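Protein chains in written order, with this note's numbering: chain E, 1 to 698; chain Y, 1001 to 1698. Beneath this line is the structure, given in structure tokens, with notes to follow.
Protein chains: 2
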Amino acid sequence: MSIDNILLVIILIAVLSLLYALIQSITIIREEEGPDHMRAIANAIREGAKAFISREYRTAGIVAVILAIIIALALRSEGGPILAVGFIAGFLGSAVAGLIGMLVSIQANVRVANRARKSKDLISGLNYAFSLAFRGGSVTGFSVVGFALLLMSVFYYVLRNPVLMSGLMFGASLMSLFARVGGGIYTKGADVGADLVGKVGLGLPEDDPRNPAVIADNVGDNVGDTAGMAADLYETYVVTGISAMLLAYFLHLPEIYVILPLLIGALAIIAAFIALPFVRLGKSKYIMGALYKGLAATVIVAGVILGVLFYILKLPSGLLVSAILGYLLMALMVIVTEYYTSYKFGPTRTIAASSQSGAAITIINGLGYGLQASFIPAIGIIIAILLAYYASAGTLDLASGFSMGVFGIAIASAAMLSLAVMILSIDAFGPITDNAGGIAEMAQLPEDIRDEITDPLDAVGNTTKAVTKAYAIASAALASLVLFTAYLIAFESYIGDSTNLSTLLNEFLIYNPLVIVGLIIGAVLPFFFTSFLMRAVGKAADSIVQEVKRQVETIVGLLEGKAKPDYGRAVDIVTATALREFLVPGIIAIVTPLAVGFILGPIALAGVLFGVILSGFPLAIMMTTGGAAWDNAKKYIEQGNFGGKGSEAHKAAVVGDTVGDAVKDTAGPAINPLVKVVNTISILFLPAIISASLLMIH
Amino acid sequence: MSIDNILLVIILIAVLSLLYALIQSITIIREEEGPDHMRAIANAIREGAKAFISREYRTAGIVAVILAIIIALALRSEGGPILAVGFIAGFLGSAVAGLIGMLVSIQANVRVANRARKSKDLISGLNYAFSLAFRGGSVTGFSVVGFALLLMSVFYYVLRNPVLMSGLMFGASLMSLFARVGGGIYTKGADVGADLVGKVGLGLPEDDPRNPAVIADNVGDNVGDTAGMAADLYETYVVTGISAMLLAYFLHLPEIYVILPLLIGALAIIAAFIALPFVRLGKSKYIMGALYKGLAATVIVAGVILGVLFYILKLPSGLLVSAILGYLLMALMVIVTEYYTSYKFGPTRTIAASSQSGAAITIINGLGYGLQASFIPAIGIIIAILLAYYASAGTLDLASGFSMGVFGIAIASAAMLSLAVMILSIDAFGPITDNAGGIAEMAQLPEDIRDEITDPLDAVGNTTKAVTKAYAIASAALASLVLFTAYLIAFESYIGDSTNLSTLLNEFLIYNPLVIVGLIIGAVLPFFFTSFLMRAVGKAADSIVQEVKRQVETIVGLLEGKAKPDYGRAVDIVTATALREFLVPGIIAIVTPLAVGFILGPIALAGVLFGVILSGFPLAIMMTTGGAAWDNAKKYIEQGNFGGKGSEAHKAAVVGDTVGDAVKDTAGPAINPLVKVVNTISILFLPAIISASLLMIH
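Okay, here's the thing in structure tokens:
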């Protein structure tokens, strides 16, 4: 089969993925929405989500147009216009995929609640509600991966040169930065603010309709967790794919190797199709188990197809080993995250127990476990790197310069990322059930329906979010590592013919002061970047607290439930704060690599690229894992342990949970786009940096 | 003047430094201790401190003897016995210096309180108490630096080979690990436990004599802040000095360059002698200002002497610039830390204000500022590295391999460290005044004496501790960087003649998978290491809480003040817990570099050495700065802001303060010895690793 034909098959599979998403969307929207009062709540959430997204997209769009012009002009001798078109395409692909996922989520949420309401009995109700929520989530999974794969394969089909595709990567990065960071500040500003007012200030339970911030909170789940995660994994998917293609291209490997990352992506979609029927609740009602079954089936089917494919195409078995290492790494991340964040295991239970000694000990122990949680994943990544390199290169020796070894690492990363189709389906399930739970609460559905259907589904959403976040971080780290290697190899190829290469490569020695300085800048960057996000959450929360106080004072009968709060204004205020607070960290992420590149040169910049991964990875894991553990420790107490709801332990756990919100949903996940945007912008502007940097050597 | 004579002058200055410490100790002990009830309190603190130290030293001693035997045997072909003797000498020097400092502190504390009690008027009382406390602190400063300089110069005088002195470094590292980590767990376990029981549980004020944990808490100040910090800076001082000497040696520079780091240390002692009279309170009673005056005078005098010395010895001006950069870096660390942790400035005030919204927002904002605080120091370090390198090498190009540039960085580091004599004097002032405040409280001295003398002195102790901690972290980072360079250059020299050097150096390229893997391990290490410390504080605090509860239940009349609590048992319990909890992190710090070295080889190990600095630096700054800001935010509220003591804001700030205790006094500072021990053990065992590692290349 010719390369052209293989590419056409890949394109076809990407289209099938989008078609599946479309059909699912239609069947979901055909479901009944439920009675008026539920629809009213759902409509409020929809309006809020659309208002946020349209504002966010408008701002992001303006920035994208400006950057596209800069790219077209600054890189005009390196195919600037093509890069700019790719940049816009990558950006729009992410925007559209995220939007589709979110639009379906905000339709599915109320329908899940309605299915729960209408169920004949609790068991079939749970089954149907679960399946509907998962189908809703799968729209995000298949549309994100579909768009990403379609764009990459069409661009490659037309251009036949991955270097000209680096615009796609940066476009995806930019959208991801907006969606993850802007959306992250929004979602947790609203959540923390709603909690503070509702729980701390006015004594209202969660999701109480009298709380003016409650809709803003539910909106946050969709814009942060669905659209944000969608953009994040879309970006990582594109970045991994293209940087692996770049490596194959620069290493002058046969073209089948260049399109191998795309092929791995396509076969994972097939595997996911086959695995879909495995996602069903057994008699045990173990919801998380049903999702894991689907994931496991995807991995197994993908592994089998991959093996057959390697056999047919006569590809080296070292790369097959590398790909399987990528799958295993996904499994490891899931297991470790489960251990640290589920209240079935020691860490979360210890945090819950220590809450009896007050909030300070809750925080100390949560930080303690968060600090610990990156160790095993790091060991896993290390083993995967070494084995993938060794399996592909046959040696750990780098004496001969770049080799198949680095491509092996890239293939491991591409295989891990190919599973995003299923991971995202599971992830987007979370906000739907979270919202469904909120709607059930606000619409005052019968208690048994909430206790037996919507609440258990909502609780699982917490775990899915933690697990997929850990996967997203690990794959972002691995993808950036591949991108970093692509940067170095691109540097080599850009400069190779014009000067003494071996002298120049010496500059990348780890004890070069420029490399050291770059690494230090890179390592400090995730700390500096997230510092703004932490404080932004505080500010956004404060803005909504003030607004709720104002509404309580000015709207007569609000607390008695006689008058309706102005949900829309609360949404508007957090939206404005979130986008304003996004400004500084957003600029930092984009300007730092360019400033280092143009002032200190491409060698220091290489240090930055890797430094940001080095500290960003453990910091992000610490934040997301510690945060999820606090969250579930609170849930564990609410189940009646250590005094249950309203006890001193519960109050302490609420403090932990609120801190956890900021670290796990805003600061921690935002490190992903930071790491990637720093890397993509550097590789895109590398030719300009080489020719214009102040401290360029030689 | 011959090298021999210069060395003798340096030795003489080191002896003078120790003599000064001896004379000060005698004059302090001659001061009156005060009435019986004050002496009883002081005696309880002394007994507790001695009990902890003797247990800690016994355990550390056993480990040291075992390691000395291993060193003597494993490195027998590289002068093992000499290295082992150096190791023991370095270890004992640290132990003795720390012990002297602590013994004087626990004599000075009650005498400061007594001076305050006996003062004719409040102004002269403050003056005298301040001067006595500073003189007490200066004993630590001059004895630590005196011992360190004496050992290094005598060893060099005898051996004339810095390679044989690397045992000294590791000995200092081992003691520092015990003192910082074991002492750190002890001090904050006791503090947090005492706070939880005293403030949260039983409603007793701080330092109330009815609280059985109160003596343990005061003991903690001495064993953690005095002995711990003394061992930490002793280690950094020795490590910086010897690694700078190693660089000069391996670069084959003239011998005057080899002893230049010692000379810089000696002249800083002279400068400190001259600066001592500047440490006096003006009419403004601005205590911190008096300390800063002394520091500024030391820097200015040292700079002048250094300039004269460089002129006489005809040393290159580039190295003078490097040294002055080291002084400036100290000043930068002081200013930045002041900004982030003093309640005169925005960050701490913002945290205090946000406490009105509850403990969660206090934590979120404190973490936010902590994450931010490493940025400016990192930029300062980067500029210092680049300028010191450039000033000394005349270029930023590394094409010619190692050069004077790296020695310039080492000299900057040595100059920064030479100021430890004054920094430590200021630092050890803190625990003395902290204890004096506690004794004044427990002995129920008149309110105006506490309000006007002991409390203001105590409050300054907080700032001095934060400032010196930041200095210690930055200098540890810089010292480790120099040590890391020494490791690489030592590697080059060990292997240089036996194989193709340029091929081998290629292995240290930043994109070598072994380097990448090493960097990842190193970057995760500070996170993993501190995770145990965070949880250890929780456990130690819990153990003392349980003990206090037991005493309250079993000792009749305890809470009414009719019966005395069993202070000793409380001390014993925290001591045992602290040393037990030290075990795992201690083993991790020592075993990780050896395991990586012997399994993955010296190239991966180089990655570990630098990786641990890269993430350790921002993490440590985040912890110490964030913690101090929480502490002072609480103090700011206690001054009557945002509702003052007992308000909701105050309760939230207490949570922040308690979390801050664990991060700023246990986990954060423990990163210093981790970073250094990993580096010193690696350089010591490098010859053995080169000959025995499994994955050694070629």
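Ideal Cβ positions, reconstructed from N, Cα and C, are used throughout, including at glycine. Here the structure is a predicted model, which is why all the values come from computation and not from measurement.
Residues that residue i bridges to, as DSSP identifies them
i	result
Y:L1509	E:L509
Euclidean distance between Cα positions of residue i and residue j
i	j	result
E:D657	E:D631	5 Å
Y:V1612	Y:P1526	6 Å
E:R111	Y:V1197	51 Å
Y:G1646	E:E547	27 Å
E:L150	Y:L1619	41 Å
E:D208	E:V659	21 Å
E:D225	Y:V1063	51 Å
E:L16	E:G146	8 Å
Y:E1255	Y:L1164	16 Å
Y:L1558	Y:V1591	46 Å
Y:I1082	Y:G1265	24 Å
Y:I1071	Y:V1584	22 Å
E:F87	E:A74	14 Å
E:I689	E:L514	15 Å
Y:V1154	Y:I1011	7 Å
Y:F1508	E:F610	15 Å
Y:S1425	Y:A1227	12 Å
E:A391	Y:T1187	50 Å
E:F709	E:A108	The question about residue 709 of chain E has no answer here: the residues shown for chain E are numbered 1 through 698.
Y:A1578	Y:S1173	19 Å
E:A272	E:V301	8 Å
Y:V1308	Y:S1243	25 Å
Y:H1698	E:G394	Below a pLDDT of 50, predicted positions are generally treated as unreliable, and Y:H1698, at 41, falls in that range; the measurement from the model is reported next regardless. Cα to Cα, the separation comes out at about 15 Å.
Y:A1373	Y:G1616	14 Å
E:A536	Y:A1470	26 Å
Y:G1241	E:I376	36 Å
Y:I1013	Y:L1099	21 Å
E:I588	E:F529	7 Å
E:G358	Y:M1038	33 Å
E:N222	E:K50	10 Å
Y:M1169	Y:R1450	43 Å
Y:L1295	Y:T1464	12 Å
Stretch pair the stretch 226–245 of chain E + the stretch 180–195 of chain E: three plus CB contacts closer than 8 Å: Yes, since at least three Cβ pairs between the stretch 226–245 of chain E and the stretch 180–195 of chain E fall closer than 8 Å, the two stretches touch.
Residues within the stretch 163–176 of chain E neighbouring chain Y, beta-carbon criterion of under 7 Å: Of all residues in the stretch 163–176 of chain E, none comes within less than 7 Å of chain Y when Cβ atoms are compared.
Members of the stretch 529–541 of chain E that neighbour chain Y once the beta carbon cut-off is set at 9 Å: Of all residues in the stretch 529–541 of chain E, F529, T530, S531, F532, L533, M534, R535, A536, V537, G538, A541 have a Cβ within less than 9 Å of some Cβ in chain Y.
Cβ pair count under 8 Å reaching 3, the stretch 470–488 of chain E against the stretch 582–601 of chain E: The way I'd put it, the stretch 470–488 of chain E doesn't touch the stretch 582–601 of chain E; fewer than three beta-carbon pairs between them come closer than 8 Å.
Residues from the stretch 1371–1388 of chain Y in contact with chain E, defined by Cβ distance under 7 Å: Residues of the stretch 1371–1388 of chain Y that bring their beta carbon within less than 7 Å of a beta carbon in chain E comprise L1371, Q1372, S1374, F1375, A1378, I1381, I1382, I1385, L1386, in sequence order.
Where the stretch 1509–1520 of chain Y meets chain E: residues whose CB sits under 8 Å from a CB there: Taking 8 Å as the Cβ-Cβ cut-off against chain E, the residues of the stretch 1509–1520 of chain Y that qualify are L1509, I1510, Y1511, N1512, P1513, L1514, V1515, I1516, V1517, L1519, I1520.
Inter-stretch contact at 8 Å, needing at least 3 Cβ pairs: the stretch 1049–1058 of chain Y / the stretch 1449–1468 of chain Y: Too few Cβ pairs lie closer than 8 Å, so no.
Every unbroken beta strand (DSSP E) within the stretch 662–686 of chain E, with a cutoff of 3 residues, ordered by chain: DSSP assignment within the stretch 662–686 of chain E yields no whole beta strand (DSSP E) run of 3 residues or more.
Selection of the stretch 1649–1664 of chain Y by Cβ proximity to chain E, strictly under 7 Å: Flagged, chain order: V1655, T1658, V1659, A1662.
Three CB pairs or more closer than 8 Å across the stretch 634–644 of chain E and the stretch 663–682 of chain E: Note that the stretch 634–644 of chain E does not touch the stretch 663–682 of chain E; fewer than 3 beta-carbon pairs, one per stretch, sit closer than 8 Å.
contact_flag[the stretch 401–411 of chain E, the stretch 322–338 of chain E] where n(CB pairs < 8 Å) is 3 or more: They touch, by the three-pair rule.
Segment contact, 8 Å Cβ cut-off, at least three pairs: the stretch 1126–1141 of chain Y with the stretch 1277–1292 of chain Y: The stretch 1126–1141 of chain Y vs the stretch 1277–1292 of chain Y: in contact.
Chain-ordered residues of the stretch 546–565 of chain E with a beta carbon less than 8 Å from chain Y: Correct list: empty, as no residue qualifies.
Chain E contacts made by the stretch 1340–1368 of chain Y, where a contact means CB separation under 7 Å: Residues S1354, S1357, G1358, A1359, A1360, I1361, I1363, I1364, N1365, L1367, G1368.
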